[in-house]
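These protein sequence lines map, in sequence, to chains D and W.
Heads up, the first sequence stops at 272 in this note's numbering, and the numbers go up one at a time, no gaps.
Heads up, the second sequence stops at 272 in this note's numbering, and the numbers go up one at a time, no gaps.
Even glycine gets a Cβ: it sits at the ideal position worked out from N, Cα and C.
As the structure is a prediction and not an experimental result, all values here were calculated from the model.
Protein chains: 2
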Amino acid sequence: MDIPSTSIPELVEGTAPDRPLAALEQLAILGRYDTDQCVYHCNDSIEHWYRVVRGAARSSALSDDGRRYIVDFVFPGDLFGFCGQRARHFCVEAIVSGTLIARYPRDRAEKLADCNPQIARNIRQAAFESIARMQKRTAILGRASALEKVSGFLLEMSDRGAAAATGTVFLPMPRYDIADYLAMAVETVSRTLTELRTRRTIVFRDPRHVSICDRGALEHFASGLIDPQRQPATRREQRTHEDLSRSLPQPVISSSRTATPKVQSGEQRCS
Amino acid sequence: MDIPSTSIPELVEGTAPDRPLAALEQLAILGRYDTDQCVYHCNDSIEHWYRVVRGAARSSALSDDGRRYIVDFVFPGDLFGFCGQRARHFCVEAIVSGTLIARYPRDRAEKLADCNPQIARNIRQAAFESIARMQKRTAILGRASALEKVSGFLLEMSDRGAAAATGTVFLPMPRYDIADYLAMAVETVSRTLTELRTRRTIVFRDPRHVSICDRGALEHFASGLIDPQRQPATRREQRTHEDLSRSLPQPVISSSRTATPKVQSGEQRCS
DNA sequence: CGCCAACTTGACGTCGGTCAACCGATGTGG
DNA sequence: CCACATCGGTTGACCGACGTCAAGTTGGCG
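In structure tokens form, the structure reads like this:
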């Protein structure tokens, strides 16, 4: 393997609730990666689990026609590299130079989990968090408009500790990565960010550092509602894409149809 | 609780590799659901894990403006309802009438896993498969065009045992659900299916039963999302707008730009 | 200072969302 | 048994958001 590594089992920075993973950490092998350097390749066999210690990485795949898909970004504390299959379906590359990633030999980790229920729970928990993350990500991807996607993305980045300390969100990845993550063109990402900037919803310190000025507005965009500041626009002519649809729909009527088009009543009470 | 249930711990049909989950199955409570009936709601606390025994279900959420998105479909054998958080973020509803779903009290299942490593491994495996499924799903959603999305969807449905026996794929969900799953309009789903039909790529027995006539073409449309396990497929010759671009990129050069636009040289060799 | 990558902005064409109508299957009541 | 309503699905027409191509601007590093 071409992976540079030290064998210093270093404690994971950034892990939120400081778990008693000491025994697991004994297995850790720490690797340092430069920008775009590969942590593992597509079709590799699965021999390790990984955890980001410092920096950030992306999980991606290329399709036949040369386009790229980014399936996930991982940040300090995130455990990744789980897979139900026999081989990797994606490759993982560091985004920022000096990214530190710990890897845990899978068989040994599994054995450890076998005799230590606490470790097994922790791993399970990490997997569950990974699922939750993927689901939320799916929800963002599934949004229709560029404004919704980008707003959702900014909120996600803001929430995932990537920023934390200062009020600013750090976007370690280039616009290209954002575009591939959101399944849209780089230009549209850029345009949408500018739109948010001119609306004063966000402010750029530099292209990679954003401050969220109006989080409420972002959340509003992300869930596909009407423009907050602007007037409800009594008429429908010059309406732009963001003051879409009407305000809050009420259920009440009980139609059996569980369609998208409008609101359905059904028995669910999802927010 | 309004959930109808019997306490017959029935063996799960459709589970592929017949696992020794006997002890876990002792905990199972079987429920029967009609179409659109809710298995659990959004914001419910997390008290069970679930497994589809027969039928199918969808995991979905509503956004503020009344649109719905479907995060996942689950079929017989699929274990679901894992969650890193404290409360559900989605609700799950049966798609077909007579859907059978087993539920396992979470705390008791966890305890069982604590003292039975094999069960712990099985649960972990199920979680990993769930992750893999979500990732593949993300790849489909991330595809740009309607044709790609729908083709990817059909392949997914075909692969996920939903069909199996006969050569035809059964689509248990209405078009609306497909639309919300793929984040597109129902009309577009319909139009795209007709296009595939006129191209003779697929044939409908009825709106819910499709036969895939030219799987190679579908894979080609879906362009690269193919499950690596599957056989090399037919070939890519007479296809439309796609050209096979270059083959495999060599490592070596370290270009900093990992762009989408065209093909970049980078060091990855994802298929 | 000058180069190149990263990012932004502009112009234009198109894919797909929206609105609306239509069709067949199923069901319900008279 | 046949009107009539309802629901799922399909088709058509229109137009706006976004992808594409191309040029311009910023910023980081030699």
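Coil, strand or helix - residue i by DSSP
{"i": "D:GLY67", "result": "coil"}
{"i": "D:PRO175", "result": "coil"}
{"i": "W:VAL151", "result": "helix"}
{"i": "W:ARG87", "result": "coil"}
{"i": "W:ARG52", "result": "strand"}
{"i": "D:VAL97", "result": "coil"}
{"i": "W:THR169", "result": "strand"}
{"i": "W:CYS43", "result": "coil"}
{"i": "D:CYS214", "result": "coil"}
{"i": "D:GLY143", "result": "helix"}
{"i": "D:ARG209", "result": "coil"}
{"i": "D:ALA186", "result": "coil"}
{"i": "W:ASP273", "result": "No information on residue 273 of chain W is available, as it lies outside the stretch 2 to 272 that chain W covers here."}
{"i": "D:LEU31", "result": "strand"}
{"i": "D:SER60", "result": "strand"}
{"i": "W:ASP37", "result": "coil"}
{"i": "W:ARG134", "result": "helix"}
{"i": "D:ARG104", "result": "strand"}
7 Å Cβ cutoff, residue i in contact with chain D
{"i": "W:ALA184", "result": "yes"}
{"i": "W:ALA147", "result": "no"}
{"i": "W:GLU130", "result": "yes"}
{"i": "W:PHE222", "result": "no"}
{"i": "W:ASP160", "result": "no"}
{"i": "W:PRO106", "result": "no"}
{"i": "W:SER212", "result": "no"}
{"i": "W:SER152", "result": "no"}
{"i": "W:LEU191", "result": "Position check: residue 191 of chain W holds Ser in this sequence, whereas Leu was assumed. W:SER191 does not count as touching chain D."}
Exposed unless 16 or more other CB atoms sit within 10 angstroms - verdict on residue i
{"i": "W:GLU188", "result": "exposed"}
{"i": "W:THR139", "result": "buried"}
{"i": "D:GLY32", "result": "buried"}
{"i": "W:LYS112", "result": "exposed"}
{"i": "D:ARG201", "result": "exposed"}
{"i": "W:ARG87", "result": "exposed"}
{"i": "D:THR199", "result": "exposed"}
{"i": "D:GLY217", "result": "exposed"}
{"i": "W:THR195", "result": "exposed"}
{"i": "D:ASP181", "result": "buried"}
{"i": "W:ALA23", "result": "exposed"}
{"i": "D:PRO208", "result": "exposed"}
Distance cut-off 6 Å: residue i Cβ against heavy atoms of the ligand GDP
{"i": "W:ASP215", "result": "For the ligand GDP, the structure offers nothing, since it holds no ligand at all."}
Residue i at chain W interface by Cβ criterion, 7 Å
{"i": "D:THR139", "result": "yes"}
{"i": "D:ASP207", "result": "no"}
{"i": "D:LEU142", "result": "yes"}
{"i": "D:SER133", "result": "Going by the sequence as given, residue 133 of chain D is Ala instead of Ser. Chain W, which has a Cβ nearer than 7 Å to the Cβ of D:ALA133, makes this yes."}
{"i": "D:GLN27", "result": "no"}
{"i": "D:ARG125", "result": "yes"}
{"i": "D:ASP45", "result": "no"}
Among the options, nearest to residue i - alpha-carbon criterion
{"i": "D:GLU94", "options": "D:CYS116, D:PHE74 and D:LEU155", "result": "D:PHE74"}
{"i": "W:ASP35", "options": "W:ARG87, W:ALA57 and W:ASN44", "result": "W:ALA57"}
{"i": "D:VAL97", "options": "D:GLY168, D:CYS39 and D:ASN117", "result": "D:CYS39"}
{"i": "D:TYR105", "options": "D:LEU148, D:TYR177 and D:GLU26", "result": "D:GLU26"}
{"i": "W:PHE83", "options": "W:MET174, W:PHE76 and W:PHE91", "result": "W:PHE91"}
{"i": "D:LEU183", "options": "W:LYS150, W:HIS49, W:ARG107 and W:ARG144", "result": "W:ARG144"}
{"i": "D:CYS43", "options": "D:ASP108, D:MET174, D:TYR70 and D:LEU156", "result": "D:TYR70"}
{"i": "W:VAL53", "options": "W:ARG68, W:GLY99 and W:SER61", "result": "W:GLY99"}
{"i": "D:ALA147", "options": "D:ARG68, D:SER46 and D:ALA223", "result": "D:ALA223"}
{"i": "W:HIS210", "options": "W:GLU196, W:PHE171, W:TYR177 and W:LEU219", "result": "W:PHE171"}
{"i": "D:ILE141", "options": "W:TYR51, W:HIS221, W:ASP37 and W:ALA62", "result": "W:ALA62"}
{"i": "D:SER46", "options": "D:ARG59, D:ARG107, D:PHE129 and D:SER60", "result": "D:ARG107"}
{"i": "D:THR169", "options": "D:ALA180, D:SER191, D:VAL204 and D:ARG109", "result": "D:VAL204"}
{"i": "W:ILE132", "options": "W:THR193, W:SER64 and W:ASP79", "result": "W:ASP79"}
{"i": "D:ASP37", "options": "D:SER60, D:ARG161 and D:ALA103", "result": "D:SER60"}
{"i": "W:GLU157", "options": "W:ILE213, W:ALA23 and W:LEU28", "result": "W:ILE213"}
{"i": "W:PHE76", "options": "W:LEU101, W:ALA24 and W:THR193", "result": "W:LEU101"}
{"i": "D:GLY153", "options": "D:LEU219, D:ARG68, D:TYR51 and D:ILE30", "result": "D:LEU219"}
Taking Cβ-Cβ distances below 9 Å as the criterion, which residues of the stretch 66-80 of chain D are in contact with chain W? From the stretch 66-80 of chain D, only ASP66, GLY67, ARG68, ARG69, TYR70, ILE71, VAL72 and ASP73 have a Cβ closer than 9 Å to chain W.
According to a CB-to-CB cut-off of less than 8 Å, which residues of the stretch 79-101 of chain W neighbour chain D? PHE83, CYS84, GLY85, GLN86, HIS90, PHE91, CYS92 and GLU94
Taking any Cβ of chain W, which residues in the stretch 110-124 of chain D have a Cβ under 8 Å from it, in chain order? GLU111, ALA114, ASP115, CYS116, PRO118, ALA121, ARG122 and ILE124
Listed in chain order, which residues of the stretch 38-63 of chain D have Cβ atoms closer than 9 Å to some Cβ of chain W? GLN38, CYS39, HIS42, CYS43, ASN44, ARG59, SER60, SER61, ALA62 and LEU63
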